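One point on numbering: in the working numbering, the residue at position 255 of the sequence shown is 1296, and numbering is uninterrupted. C-beta atoms are modelled at their ideal positions from N, C-alpha and C, and glycine is treated no differently. On a predicted model such as this, the values are computed, not experimentally measured, just so you know. Beneath this line is the structure, given in structure tokens, with notes to follow.
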Amino acid sequence: MDLTKITNPRFLKSMSKEQLIQLSADIRQFLIEKLSKTGGHIGPNLGVVELTIALHKVFDSPNDKLLWDVGHQSYVHKILTGRAGEFDTLRQYKGLCGFPKRSESEHDVWETGHSSTSLSAAMGMAIARDLKGTKEYIVPIIGDGALTGGMALEALNHIGHEKKDIIVVLNDNEMSIAPNVGALHNVLGRLRTAGKYQWVKDELEVLLKKIPAVGGKLAATAERIKDSLKYLLVSGVFFEELGFTYLGPVNGHDFDDLFENLHYAKKIKGPVLLHVITKKGKGYEPAENDKIGTWHGTGPYKIETGDFLKSVDKAPSWSALVSETVRKLARTDERIVAITPAMPVGSKLEGFAIEFPDRMYDVGIAEQHATTLAAGLATQGMKPFLAIYSTFLQRAYDQVVHDVCRQNLNVFFAIDRAGLVGADGETHQGVFDIAFLRHVPNLVLMMPKDENEGQHMVYTAIQYDDGPIALRFPRGNGLGVKLDEELHSIPIGTWEVLREGHDIAILTFGTTIPMALEAAEKLAKENVSVKVINARFIKPMDEAMLHELLATGIPMLTIEEAALQGGFGSAVLEFAHDHGYHQTVIERMGIPDRFIEHGSVKELLEEIGLTTSHVIDRIQTMVPRKQKRA
1042 MDLTKITNPR FLKSMSKEQL IQLSADIRQF LIEKLSKTGG HIGPNLGVVE LTIALHKVFD
1102 SPNDKLLWDV GHQSYVHKIL TGRAGEFDTL RQYKGLCGFP KRSESEHDVW ETGHSSTSLS
1162 AAMGMAIARD LKGTKEYIVP IIGDGALTGG MALEALNHIG HEKKDIIVVL NDNEMSIAPN
1222 VGALHNVLGR LRTAGKYQWV KDELEVLLKK IPAVGGKLAA TAERIKDSLK YLLVSGVFFE
1282 ELGFTYLGPV NGHDFDDLFE NLHYAKKIKG PVLLHVITKK GKGYEPAEND KIGTWHGTGP
1342 YKIETGDFLK SVDKAPSWSA LVSETVRKLA RTDERIVAIT PAMPVGSKLE GFAIEFPDRM
1402 YDVGIAEQHA TTLAAGLATQ GMKPFLAIYS TFLQRAYDQV VHDVCRQNLN VFFAIDRAGL
1462 VGADGETHQG VFDIAFLRHV PNLVLMMPKD ENEGQHMVYT AIQYDDGPIA LRFPRGNGLG
1522 VKLDEELHSI PIGTWEVLRE GHDIAILTFG TTIPMALEAA EKLAKENVSV KVINARFIKP
1582 MDEAMLHELL ATGIPMLTIE EAALQGGFGS AVLEFAHDHG YHQTVIERMG IPDRFIEHGS
1642 VKELLEEIGL TTSHVIDRIQ TMVPRKQKRA
């Protein structure tokens, strides 16, 4: 079937099971071929092919609301809703988004890039439906990994209490990004092997009604027998105790099983949880055999072998540099405990986990818990190392403020993927952490210029015992600089001058230092002398150097690959204002006040005007033109 000819999912209504099986094969082949060129979340999507087809056949999107949580499993949904022809542009600049996008299609009713939000949104839609008196079905599809998120559990509790008509489809592939952990995961494991106890309960009820009641005694005990049966058949009836009718487990790759249960779910009043078992990566052997999450999301790959097409880069990844430095320090510092919210692979903590299994905790998709867990450890004299992506740290903001910083606890935040991340787009760009952390009392915030300074900052963070400290670092690889063998602490709040100059000063840090140095080099040929400062401590700032700079009166330009509002440049402006330096010209460059969509980091920096040429143009407007040197 030519998938690019699909305009909407209505064609599924008339298809036979045999045709649907062939369609499933066509979609899998299409995904394997297209994603081999663009990269993307292949494992999750190969696992939901039959489930997505069944949902669109049984329900009537967009009238019925299908909410995909997390949205990386929505590629098949995109194909069935008329977007197959755009897959060559998937996650590319100005192309098809890798997550649901309301502006892309009327079938995308909820946008998800972070997990565990669909159930709360579904409850809101169900309340609106009932207030308006309409009859549409509300169907959130949530993974077993996302179900560990506290927000999902809060929503389950509310939905069960209110008895709203919502059909929750639990897509259980036993993994999120990495293998799932925790007691709830174990409950699901027991349910997978329990059989369909709902059907047995219903058959028992029919049987009991056929037996003449003896003095009403048997009828009175029938309900108790049914309730006892569910405890007998299922080890832990978690969802029913929350008020849901539990259906399953269902084979997520068997159309007969899916249709039977979906139609049955539509007839049940109140909340239903349909437990569907799928195989992540189904239909492509390298992805099917993945046990650690390598095929959750990938770059381009060779279809025949499954080998990834990676550029040759001798520099270590930032994630590996940080985690391996912590691992080295943990050999002599028994206080160090590593924590990650479901990102052991992305944060390169596999080695730490092998060497220190008793000091490594993957808490699942539970950023709030991870942060307060770290705070609890810190109260007992430990040195918790919390490896967390910038975009996911947003989800633990109250815990950072209330539980860590307010108590001034020695937690080391390793903020991975800080800055623009590229293809994952606006839900994952790590550009807000400076703005939401800088104003929190007691917190130290730093970012290195290269991996050598990075390893020294890790050492600094481990040695620092005066409160919380955060190290932010970008996605990808370092610059390939030589690493010192001996680690040392960097004095808190100190900057360094990388290039002397007297016409203007650039204050920057991290990924934007190379562009500042390149701009300074080019401007030198135009007789403009640029001082470049590595403002590696975003908080506290180097006040002595700032006083010295501001006293000279030379213009200053701050550059940050982060949100301008409330960012580092704002901090410099505040300092100048508070200390009476009202005549100094201070301008800022950074991320504008909007969400940045997907594309390569280079393309996105060009779009927002954060490149060497843009820096040169800005400085030329700030510094009076001079005669070019002879």
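Is Val1180 helix, strand or coil by DSSP?
Locating residue 1180 in the sequence shown gives position 139, where the first residue counts as 1. Correct three-state label for Val1180: strand.
According to DSSP, Thr1599 sits in a beta bridge with which residue or residues?
Locating residue 1599 in the sequence shown gives position 558, counting from the first residue. Bridge partners of Thr1599: Leu1548, Arg1629.
Would you kindly work out how many angstroms separate the C-alpha atoms of Ile1083 and Phe1128, rounded to a whole number?
Within the sequence shown, residue 1083 is the residue found at index 42, counting from 1. Within the sequence shown, residue 1128 is the residue found at index 87, counting from 1. Approximately 13 Å, taken between the alpha carbons.
Can you tell me where the beta strand (DSSP E) holding Val1378 begins and where it ends?
Position 337 of the sequence shown, counting from 1, holds the residue named residue 1378. Run containing Val1378: 1377-1381, per the beta strand (DSSP E) assignment.
Cβ of Leu1350 within 8 Å of any chain D Cβ:
No chain D is present in this structure, which holds just one protein chain.
Could you check whether the segment 1170-1178 touches the segment 1125-1141, counting it as contact only if at least three pairs of C-beta atoms, one from each stretch, sit closer than 8 Å?
no
Quick check on DSSP: helix, strand or coil for Ala1604?
For the purposes of this step, residue 1604 is identified with residue 563 of the sequence shown, where counting begins at 1. Three-state DSSP puts Ala1604 in a strand.
On the three-state DSSP scale, how would you describe His1337?
Translated into positions along the sequence shown, residue 1337 becomes position 296. Reduced to three states, the DSSP call for His1337 is coil.
State buried or exposed for Phe1636, treating a residue as buried only when at least 16 other CB atoms are found within 10 Å of its CB.
As a position in the sequence shown, residue 1636 is number 595, starting the count at 1. Looking at its Cβ environment, which holds fewer than 16 other Cβ atoms inside 10 Å, Phe1636 is exposed.
Inter-residue Cα distance where the pair is Ile1649 and Gln1606
For the purposes of this step, residue 1649 is identified with residue 608 of the sequence shown, where counting begins at 1. For the purposes of this step, residue 1606 is identified with residue 565 of the sequence shown, where counting begins at 1. Looking at the two C-alpha atoms, the distance is approximately 15 Å.
Roughly how far, in whole angstroms, is the beta-carbon of Gly1519 from the beta-carbon of Ala1356, given that I think they are within contact range, below 8 Å?
In the sequence shown, counting from the first residue as 1, residue 1519 sits at position 478. In the sequence shown, counting from the first residue as 1, residue 1356 sits at position 315. Gly1519 to Ala1356, Cβ: 4 Å. Contact.
Name the two residues that bound the continuous beta strand (DSSP E) containing Pro1425.
Sequence index remark: in the sequence shown, residue 1425 carries index 384 (1-based). Note, Pro1425: beta strand (DSSP E), 1424-1430.
By the three-class DSSP mapping on this structure, what secondary structure does Glu1301 have?
Indexing the sequence shown from 1 puts residue 1301 at position 260. It is helical.
Would you decide whether Val1664 is buried or exposed? Buried here means 16 or more other CB atoms lie within 10 Å of its CB.
Sequence index remark: in the sequence shown, residue 1664 carries index 623 (1-based). Buried.
Exposed or buried, Leu1273, counting other C-beta atoms within 10 Å across all chains shown (16 or more means buried)?
Residue mapping note: residue 1273 aligns to position 232 of the sequence shown, counting from 1. Confidence at Leu1273 is low in this model, with a pLDDT of 39, below 50, so the placement of that residue should be treated as unreliable; the coordinate-derived value is given next. The residue is exposed, with fewer than 16 neighbouring Cβ atoms inside 10 Å.
Using 8 Å as the cut-off, can you tell me whether the segment 1058-1072 makes contact with the segment 1141-1148, which would need three or more C-beta pairs spanning the two stretches below that distance?
no
Whole-angstrom C-beta distance between Val1485 and Ala1603, which should lie under 8 Å
Your numbering for residue 1603 matches position 562 in the sequence shown. Your numbering for residue 1485 matches position 444 in the sequence shown. 17 Å between Cβ atoms; not a contact.
In chain order, what residues of the same chain lie with their CB nearer than 7 Å to the CB of Ala1546, ignoring the 5 residues before and after it?
Here residue 1546 refers to the residue found at position 505 when the sequence shown is read from its first residue. Excluding residues within five positions, the ones whose Cβ falls inside 7 Å are Lys1572, Ile1574, Leu1590, Ile1595, Met1597.
Can you check whether the CB of Ala1511 is closer than 8 Å to the CB of Phe1550?
In the sequence shown, the residue the question calls residue 1550 occupies position 509. In the sequence shown, the residue the question calls residue 1511 occupies position 470. In this structure, Ala1511 does not lie closer than 8 Å to Phe1550 by Cβ.
Locate the alpha helix (DSSP H) running through Arg1197, then write down its first and last residues.
Taking the first residue of the sequence shown as position 1, residue 1197 is located at position 156. At residue 1197 the sequence reads Leu, which differs from the Arg that was named. Run containing Leu1197: 1191-1203, per the alpha helix (DSSP H) assignment.
Count Cβ pairs between the segment 1370-1381 and the segment 1101-1115 that sit closer than 8 Å; are there 3 or more?
Too few Cβ pairs lie closer than 8 Å, so no.
Residue from Asp1171, Val1499, Val1441 with nearest C-alpha to Glu1527:
To locate residue 1527, count along the sequence shown from 1; it is residue 486. Glu1527 has its Cα closest to that of Val1499, out of Asp1171, Val1499, Val1441.
Under DSSP, the alpha helix (DSSP H) around Tyr1505 begins and ends at which residues?
Your numbering for residue 1505 matches position 464 in the sequence shown. Here Tyr1505 belongs to no alpha helix (DSSP H), and DSSP marks it neither H nor E.
Distance, Leu1314 Cα to Val1209 Cα:
What you label residue 1209 is simply residue 168 of the sequence shown in a count that begins at 1. What you label residue 1314 is simply residue 273 of the sequence shown in a count that begins at 1. Going by the C-alpha atoms only, they are around 5 Å apart.
So the candidates are Phe1052, Lys1343, Asn1568; which of them puts its Cα closest to the Cα of Phe1100?
On the sequence shown, residue 1100 is found 59 positions in, with the first residue counted as 1. Cα-wise, what sits closest to Phe1100 is Phe1052.
Cα-Cα separation, Pro1515 to Phe1296:
Walking along the sequence shown from the start, residue 1515 turns up at place 474. Walking along the sequence shown from the start, residue 1296 turns up at place 255. Their Cα atoms are separated by approximately 44 Å.
Please report how far the alpha carbon of Ile1600 lies from the alpha carbon of Tyr1622, in whole angstroms.
In the sequence shown, residue 1600 corresponds to position 559, counting from 1. In the sequence shown, residue 1622 corresponds to position 581, counting from 1. Computed Cα separation, rounded: 20 Å.
Buried or exposed, going by whether 16 or more other CB atoms sit within 10 Å of the CB of Asp1268?
Numbered from 1 along the sequence shown, position 227 holds the residue referred to as residue 1268. Because Asp1268 carries a pLDDT of 49, less than 50, the predicted location of this residue cannot be relied on, and no value is offered for it.
Which same chain residues, not among the five before or five after Val1538, have their C-beta less than 6 Å away from its C-beta?
Translated into the one-based positions of the sequence shown, residue 1538 becomes position 497. Hits under 6 Å: Ile1574.
Looking at the structure shown, is Ile1395 part of a helix, part of a strand, or coil, going by DSSP?
By one-based count along the sequence shown, residue 1395 stands at place 354. Of the three classes helix, strand and coil, the one that applies to Ile1395 here is helix, per DSSP.
Alpha carbon to alpha carbon, how far is Pro1398 from Asn1451?
Position 357 of the sequence shown holds residue 1398. Position 410 of the sequence shown holds residue 1451. Going by the C-alpha atoms only, they are around 22 Å apart.
Quick test of your reading: Phe1426 and Ile1380, contact by CB under 8 Å. State the CB separation rounded to the nearest angstrom.
Here the question's residue 1426 lines up with position 385 in the sequence shown. Here the question's residue 1380 lines up with position 339 in the sequence shown. The pair is a contact, with the Cβ atoms about 7 Å apart (cut-off 8 Å).
Does the segment 1555-1571 come into contact with the segment 1437-1445, if we say contact requires no fewer than three beta-carbon pairs (one atom in each stretch) closer than 8 Å?
no
Beta-carbon proximity list for Ser1055, same chain, < 7 Å, skipping 5 on both sides:
As a first step, residue 1055 must be located in the sequence shown, where it is residue number 14. Closer than 7 Å at the Cβ level, and outside the excluded window around Ser1055, lies no residue.
What do you get for Pro1382, buried or exposed, if any count of 16 or more other CB atoms within 10 angstroms of its CB means buried?
Looking up residue 1382 in the sequence shown gives position 341. Result: buried.
Given Trp1240, which residues of its chain have a CB within under 8 Å of its CB, disregarding the five upstream and five downstream residues?
Here residue 1240 refers to the residue found at position 199 when the sequence shown is read from its first residue. For Trp1240, the predicted structure reports a pLDDT of 49, less than 50, and the residue's modelled location is therefore unreliable. The matter cannot be settled from this model.
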